[in-house]
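>
Protein chains in written order, with the numbering used here: chain V, 1 to 315; chain L, 1001 to 1178.
1. Which bits of chain L does residue 97(V) rub up against, with CB to CB less than 7 Å?
2. Between the alpha carbons of residue 173(V) and residue 287(V), how many angstroms are there, rounded?
3. When you compare each of 103(V), 53(V), 118(V) and 107(V) to residue 42(V) by their alpha carbons, which one comes out closest?
4. DSSP state of residue 52(V), grouped into three classes?
5. Since residue 114(V) sits in a beta bridge, which residues does DSSP pair it with?
6. Quick check on residue 78(V): buried or exposed, where buried means 16 or more other Cβ atoms within 10 Å of its Cβ?
7. Taking the straight line between their C-alpha atoms, what separation do you get for residue 201(V) and residue 161(V)?
8. For chain L, find out if any of its Cβ atoms is closer than 8 Å to the Cβ of residue 126(V); answer yes or no.
9. Report the rounded CA-to-CA distance for residue 176(V) versus residue 13(V), giving the unit in angstroms.
10. What does a CB cutoff of less than 7 Å around residue 1169(L) pick up in its chain, not counting 5 residues either side in sequence?
11. If contact means a Cβ-Cβ distance below 8 Å, which residues of the segment 1037-1064 of chain L contact chain V?
12. Give me, in chain order, the residues of the same chain whose beta-carbon lies closer than 6 Å to that of residue 156(V); leave out the 5 immediate sequence neighbours on both sides.
13. Would you please verify whether the beta carbon of residue 1135(L) is less than 8 Å from any beta carbon of chain V?
14. Take the Cβ of residue 136(V) as the centre, count every other Cβ of all protein chains shown within 10 Å, and call the residue buried at 16 or more, exposed below.
15. Check whether the Cβ of residue 141(V) lies closer than 8 Å to any Cβ atom in chain L.
16. Residue 1032(L) versus chain V: which residues are under 8 Å apart at the beta carbon?
17. Go ahead and pull the three-state DSSP assignment for residue 1015(L).
18. Which residues, in chain order, does the segment 1100-1122 of chain L contribute to contact with chain V at a C-beta distance below 7 Å?
19. Near residue 192(V), which residues of its chain fall below 6 Å by C-beta distance, leaving aside the five closest residues on each side in sequence?
20. Determine, for residue 216(V), whether the minimum Cβ-Cβ distance to residues of chain L falls below 8 Å.
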């Protein structure tokens, strides 16, 4: 199924980008090459502000922007060019034009004509906006994947070291034995004294406490132990999928990130979501585990081949 | 009160775990330093192993997000959202949550800025954020670390958990706030 999700994301993404670019080109959404009239107020020899009415902008682009009746921006003017400095409140169309031209904050325009304190400016020609954004995303997300992985090396090494201490001293075994009654029900395929059980308990505990930095390394350690028991290399085992379902449920006692953002935005009661999100995540976790248990019986998801035939196929 | 206890606990947890592991190992006469280093050696290998899986997953999600296909999906799903009483403002959150952690964090912040953190929509959107994990990231990283590419029903189970989490968030917010 991951195959199809991957294909869908890529194909829908590329088609949607191309479709939206073709639509923009056919309606000339960015009004390429058309003169836009602004009022210019000079403050010094080359600096000043430009202003125009919301009504004129809306008519020009055939949209409706959220702004006051008169819009103005600081501008740096040379002989036949103007650099408009855009802020957060700038109209989306102009921000897109500036971003596609290279700098989201500075919109470089050509002055076509001057008449009194009025300027007639032409904005950079803008096309293939979405396709360019997709290209940028491919580069930046590839690097992001590497950044995330490399940032993991240190914490990963640390927690693997701590877990090794726990294994050598038998502490992981003690933890696993304490949770045995629950774990044998959820993971019937895993021997109750196997290190995988201890690692999974540590991961789930870290998730519950909101220790994200510890949860991933401990989870990967658990996956490594589960893989040792997996007879079909390259194929997920039932225990792995159940374990993953628990992780994707995201059960936490304190959803710290959401509370922090609520507090930062001036909420009167940032922790009101403690109970509600525990309920939501609790339901999600139960549903995930049940779904994993039920789906593993379906014919399409059953592992048909034994390890021996698998090896034969590879040869 | 519960919040303070829970917060203190989550700060103290890691030092206590480390202390417990080291003390227990010392009492069992385990060569602590040697054993730690032997375990830590695996860190580099695991991190490197997940790179191809993470690149594949994040690039696909990146293409999808940058293309604006989100809008299409939102308008396709809005009749269903209307049917179950989900405000249309939070529908993008329900779609983005399993795909992107940083994306859904930004979206939650934007929505709360616009409607206020204490409004129904504000509480609902932060509950939705807290009710689930970034399923596709977890799948890429966890399976990547052990070189598994045939994921069987993992995506289906993860997405069922996400849908139930989103519906659970909506249900509890409607019961408590309306």
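Here a beta-carbon is modelled for each residue, glycine too, at the ideal position from N, C-alpha and C. Remember, predicted model here, so these are calculated numbers, not experimental data.
The structure says:
1. Ordered by position in chain L, no residue passes the 7 Å Cβ test against residue 97(V), which lies about 16 Å from the chain.
2. Between the C-alpha atoms of residue 173(V) and residue 287(V) there is a straight-line separation of about 29 Å.
3. Distance check between residue 42(V) and each of 103(V), 53(V), 118(V) and 107(V) places 118(V) closest, using alpha-carbon atoms only.
4. In the three-state scheme derived from DSSP, where H, G and I count as helix and E and B as strand, residue 52(V) is classed as strand.
5. For residue 114(V), the pairing in a beta bridge is given by DSSP as 119(V).
6. With fewer than 16 other beta carbons inside 10 angstroms of its own, residue 78(V) counts as exposed.
7. So the alpha carbons of these two residues sit roughly 17 Å apart.
8. For residue 126(V), not one C-beta of chain L is nearer than 8 Å to its own C-beta.
9. Going by the C-alpha atoms only, they are around 45 Å apart.
10. So the qualifying residues of the chain are 1124, 1127, 1128 and 1131.
11. So the list reads 1037, 1038, 1039, 1040, 1041, 1042, 1043, 1044, 1046, 1047, 1048, 1050, 1051, 1054, 1055, 1056, 1057, 1058, 1059, 1060, 1061, 1062, 1063 and 1064, given in the order they occur along the chain.
12. Excluding positions up to five away in sequence, the list reads 217.
13. Output row for residue 1135(L): interface = yes.
14. Classification for residue 136(V): exposed.
15. Closer than 8 Å to the CB of residue 141(V) there is at least one CB belonging to chain L.
16. Neighbours of residue 1032(L) on chain V, chain order: 165.
17. Residue state, collapsed to three classes: helix.
18. Listed by position, the residues of the segment 1100-1122 of chain L near chain V (Cβ gap below 7 Å) are 1105, 1108, 1109, 1112, 1113, 1117 and 1118.
19. Excluding residues within five positions, the ones whose Cβ falls inside 6 Å are 180 and 184.
20. At least one C-beta of chain L is nearer than 8 Å to the C-beta of residue 216(V).
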